[in-house]
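Remarks on the structure that follows.
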Amino acid sequence: MTSTSGKTPAQPVLAGKRPRREVVLVAVFITAPMLALLCAVPFAWGWGLGWTDIALGVVFYCISGLGISVGYHRYFTHGSFKARTPLRVLLAVAGSLAMQGPVIRWVSDHRRHHAYADKEGDPHSPWLYGTNAIALVRGFWHAHMGWLFSRDMTNSRRFAPDLLADRLITAVDRLFPLWTAATLLLPALLGGLLTWSWQGAVTGLFWAGLVRVGMLHHVTWSVNSICHMVGSRPFRARDRSANFWPLALLSFGESWHNSHHADPTCARHGVRRGQLDISARVIWLLEKLGWAYQVRWPTPRRLARLARD
């Protein structure tokens, strides 16, 4: 249907409410890794943490974390580069292993975040309730994880029509329950095979499965919360995004958030000397291999135009 002016009317921001059972499932898949993360220190002291668990945890953290940073975020959300078809599918699967939701919903929410950053309509701004101390505590909780329990659904037809039209990506999106099972069961399987024991399977599930997912959840959510509250703002942006260097390593460079909001389609977020950005280095390597192309790298002229000083 078109309007009398001949233009297609804009799609609404929201697409209704999620079923309550889905909110319950979200709560389960948020709470279980978080509880495992809280238990990690006493378990490591009393139960033990082996080198196999550490190796599996690091490998799965890197795969799923880069799947979010390079795949879900820089590629699917912002189009920072173009990818060959096999890489496109692999990035969607790798991001799904982070247990942060199906690719199309994640991208829809994040594009909506950029469209309304720190204003009404932003799904996870920490400034939602005001600027006094109590309001900021409430805002931090909302931005960090409270918003995940909201029943409001971002309209993917408005914010991710390109992904809805991609048959391969919609197939990966529909298989999200499979990727969720795989991200927990694969570490258990590998832990059991590498140690040839049931204990190795259990510790693999705990450390490289639940604890790893819980840790990555909170690192990603910290970009939504901390990186809109604390840090430096060397570049002009339309919101309160900030660079927060302590998270740079664990987030693969995502915490250079002010730089990102100033230039969202740029493939590198750590744009200044000494700013660690592992995701940008991975994209550089993919470009050298010919799997990624038309990469949007920063230029001195553009950085100078965006800088505050």
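Using this note's numbering, the first residue of the sequence shown is number 1, and each one after it goes up by one.
Backbone N, C-alpha and C fix where the C-beta goes; we use that ideal spot for every residue, glycine too.
Every value quoted in this text rests on a predicted model; they were computed, and no experiment measured them.
Between the Cα of residue i and those of the options, spot the shortest distance and give me the residue it belongs to.
i    : options                : result
P177 : F244, V271, V93, I278  : V93
A143 : W297, H217, L49        : H217
R233 : I226, N243, N224, V172 : N243
V89  : M99, F76, Q100         : F76
W297 : H260, L136, V137       : H260
A32  : R302, T299, L306, L205 : L205
R158 : V107, A182, E22        : V107
A171 : W127, F140, I104       : I104
A188 : W127, N132, W207       : W207
Q100 : L210, Q11, G274        : L210
G79  : N132, L186, G200, D263 : D263
F235 : R84, G253, G270        : G270
Looking at the strands, I want to know which residues DSSP matches up with residue i.
i    : result
L14  : T154
K288 : Paired residues: none, contrary to the question.
K119 : K119 pairs with nothing; no bridge assigned.
F235 : A307
Y293 : K82
N243 : S232, W256
State the Cα-Cα distance for the pair residue i and residue j, rounded to the nearest angstrom.
i    : j    : result
P123 : S150 : 9 Å
P161 : L194 : 43 Å
G50  : G191 : 10 Å
W179 : V137 : 34 Å
V202 : I63  : 21 Å
S156 : R21  : 20 Å
A135 : V13  : 25 Å
W256 : G65  : 16 Å
R212 : L37  : 8 Å
V295 : K288 : 11 Å
Which whole-angstrom value describes the C-beta separation of residue i and residue j, a residue pair presumed to lie in contact below a C-beta threshold of 8 Å?
i    : j    : result
V59  : V282 : Contact flag wrong, Cβ pair sits at about 15 Å.
G121 : R112 : 7 Å
List, from N- to C-terminal side, the alpha helix (DSSP H) runs of 4 residues or more that fit wholly inside the region 254-289. Segments of the alpha helix (DSSP H) lying fully in the region 254-289: 257-262, 278-288.
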